[in-house]
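Each remark here refers to the structure printed beneath this line.
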Amino acid sequence: MPYCYQVTSRLVVLVSGAGTNLQALIDACRDEAYGAQVVAVGADRPGITALDRAERAGIPSFILRLPDYPSREEWDAALARTCAGYQPDLIILAGFMKLVGKEFLEVFGGRCLNTHPALLPSFPGTHGVRDALAHGVKVTGCTVFIVDEGVDAGPIVAQASVPVADDDDEATLHERIKVAERALLVGTIGRRPGCTRPASRSSPPAIRRPGSPPPGCRSRPWRN
Ligand code: GRF
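Dropping the structure here:
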């Protein structure tokens, strides 16, 4: 019988607002069996509730404001450097309202996930909920996808659908989508076995450094 090794992924979560997706991840990570830990929270602005959530949970945070840098490229490079300092396995954009750039993707391409409040490839961009409503769709939802150089255009990892009610406005629909979005994000990131091995060994391996998979394992806890 093969058995599973649990891989603990180190997450850096980037935020710009309320941080309810961040909170869902923090809560899930309290269970060791979830297989992930939030090692840092990064923001593009001060004074947001998401940063209070990080502080309450005792998670280190950092703020990198675009206007504090001479160019977008330099901000992007600083973001990549700062995130890399926490040695993350995955970067999660959870309501992060900035596009990451070339330099960031050179470091984190393929291991940066974003969540979007619409069923991509429909309704990308900042107003996914508003645009879906305006189009008159009867079903919308949310998407977790791998970030690439496009706008909400990378490979789709997971989706959940949400029906649109006749009396929905942007706020009510977004709140309902966010309930599905939190569950989707939490379900996508954690509780992924790293690999299986034949049962020729009688016991699981000794404790590993968080984030380092056993030899020969894929370090990604999700697959596209
Ligand atoms: C989410 O719906 C996300 O998809 C969108 O902004 C919202 C962020 O919510 N980009 P929160 O900050 O996690 O509460």
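In my numbering, the protein residues as written are 887 to 1110. Backbone N, C-alpha and C define an ideal beta-carbon position, used for all residues, glycine too.
For ligand 3, is there a heavy atom less than 7 Å away from the beta-carbon of glutamate 1067? Ligands displayed in this structure: ligand 1; ligand 3 is not among them.
Quick check on valine 1037: buried or exposed, where buried means 16 or more other Cβ atoms within 10 Å of its Cβ? Exposed.
The alpha helix (DSSP H) that contains threonine 968, what's its start and end? Per DSSP, the unbroken alpha helix (DSSP H) holding threonine 968 starts and ends at 958–970.
With burial defined as no fewer than 16 other Cβ atoms inside 10 Å of the residue's Cβ, what is the status of leucine 911: buried or exposed? Under a 10 Å Cβ-count criterion, leucine 911 is classified as buried, with 16 or more other Cβ atoms of the shown protein chains found around its own Cβ.
Alanine 1044: beta carbon under 7 Å from a heavy atom of ligand 1? Because no heavy atom of ligand 1 lies under 7 Å away, the Cβ of alanine 1044 does not count as near it: no.
Beta-carbon proximity of proline 1003 to cysteine 1028, cut-off 8 Å: Yes. Within cutoff.
Distance cut-off 7 Å: lysine 984 Cβ against heavy atoms of ligand 1: Between ligand 1 and the CB of lysine 984, the shortest heavy atom gap is not smaller than 7 Å.
So does leucine 1006 have its beta carbon nearer than 7 Å to some heavy atom of ligand 1? Checking every heavy atom of ligand 1 against the Cβ of leucine 1006, none is found closer than 7 Å.
Does the Cβ of threonine 1012 have 16 or more other Cβ atoms within 10 Å, making it buried, or fewer, making it exposed? Classification for threonine 1012: exposed.
In three-state DSSP terms, what is alanine 943? Here alanine 943 carries a coil assignment [DSSP, helix/strand/coil].
Taking 7 Å as the line, does the beta carbon of proline 956 fall inside it for any heavy atom of ligand 1? Because no heavy atom of ligand 1 lies under 7 Å away, the Cβ of proline 956 does not count as near it: no.
Neighbourhood of glutamate 989 by C-beta distance below 7 Å, restricted to the same chain and skipping five residues each side: Cβ neighbours of glutamate 989 beyond the five flanking positions: Glu959, Asp962, Ala963, Ala966.
Taking the alpha carbon of aspartate 938 as the reference point, which residue from Ala980, Gly903, Pro974 has its own alpha carbon closest? Among Ala980, Gly903, Pro974, the Cα nearest to that of aspartate 938 belongs to Gly903.
Distance between serine 895 and arginine 1087 (C-alpha atoms, nearest Å): With a pLDDT of 39 at arginine 1087, under the threshold of 50, the modelled position of this residue cannot be trusted; read the value that follows with caution. Linking arginine 1087 to serine 895 through their CA atoms gives a straight-line distance of about 24 Å.
Alpha-carbon spacing of proline 956 relative to glycine 996, whole angstroms: When rounded, the separation of the alpha-carbon atoms in proline 956 and glycine 996 is 28 Å.
Check this for me: beta carbons of leucine 999 and leucine 1019, under 8 Å apart or not? No, they are not a contact pair.
Return yes when the C-beta of glycine 905 is under 7 Å from any heavy atom of ligand 1, and no when it is not. At least one heavy atom of ligand 1 sits closer than 7 Å to the Cβ of glycine 905.
Ligand 1 and lysine 1064: does any heavy atom of the ligand fall closer than 7 Å to the residue's C-beta? Yes - ligand 1 has a heavy atom lying nearer than 7 Å to the Cβ of lysine 1064.
Spatial neighbours of serine 947 within its chain, please: CB distance less than 8 Å, with the 5 preceding and 5 following residues excluded, ordered by chain position. Excluding five sequence positions before and after serine 947, the CB atoms of its chain that fall closer than 8 Å to its own CB belong to Ala926, Val927, Gly928, Ala929, Leu937, Ala940, Glu941, given in chain order.
Would you decide whether arginine 951 is buried or exposed? Buried here means 16 or more other CB atoms lie within 10 Å of its CB. The residue is exposed, with fewer than 16 neighbouring Cβ atoms inside 10 Å.
Would DSSP call histidine 1013 helix, strand or coil? Residue state, collapsed to three classes: coil.
Ligand 1 and alanine 963: does any heavy atom of the ligand fall closer than 7 Å to the residue's C-beta? Incorrect: alanine 963 has no Cβ contact closer than 7 Å to ligand 1.
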